[in-house]
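Input: a single structure, listed below in structure tokens.
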Amino acid sequence: GVQDFCFLWKTPGVLVGNARSTYAFLAGLLGDVPQVRLYSVDSLATRAIQGVENTSSKFFQPPNYTNDELKSKFQFEVYPAEDVLNATHTTFETWSDQYL
């Protein structure tokens, strides 16, 4: 609840959280956190939830911030699950070149 949010809000270093977490995103946005790393996992199940069933398309489109402070503060990361690598017949290196 509120205590969890306050804990994230007052993170002294890097705040790392799931890109779908409203708590992590808002704590990074409103708090004094110097750096926010939000991650997501590219899996077939996550693609189905997001309505992205085509494995040839990009799974995650990070926000396009125009504010320089937000650009430097937020870092969005995507990691492929093994099922996506198998479905696309790629390695991590080729996946990251194609889908990020």
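Its first residue numbered 1, the sequence shown is counted upward by one per residue in the numbering used here.
We put the beta carbon where it would ideally sit given N, CA and C, even for glycine.
{"query": "How is V84 classed by DSSP in three states: helix, strand or coil?", "result": "helix"}
{"query": "On the CB-based measure, 16 or more other CB atoms within 10 Å of its CB, does T11 come out buried or exposed?", "result": "buried"}
{"query": "Just the Cα atoms here: how many angstroms apart are F5 and H89?", "result": "40 Å"}
{"query": "Quick one, which of R20, T22, V36 has its alpha-carbon nearest L70's?", "result": "V36"}
{"query": "Nearest CA to the CA of D32: which residue from L26, W9, F74?", "result": "W9"}
{"query": "Would you tell me roughly how many angstroms separate the C-alpha atoms of W95 and T46, rounded to the nearest one?", "result": "16 Å"}
{"query": "Between the alpha carbons of G17 and K73, how many angstroms are there, rounded?", "result": "14 Å"}
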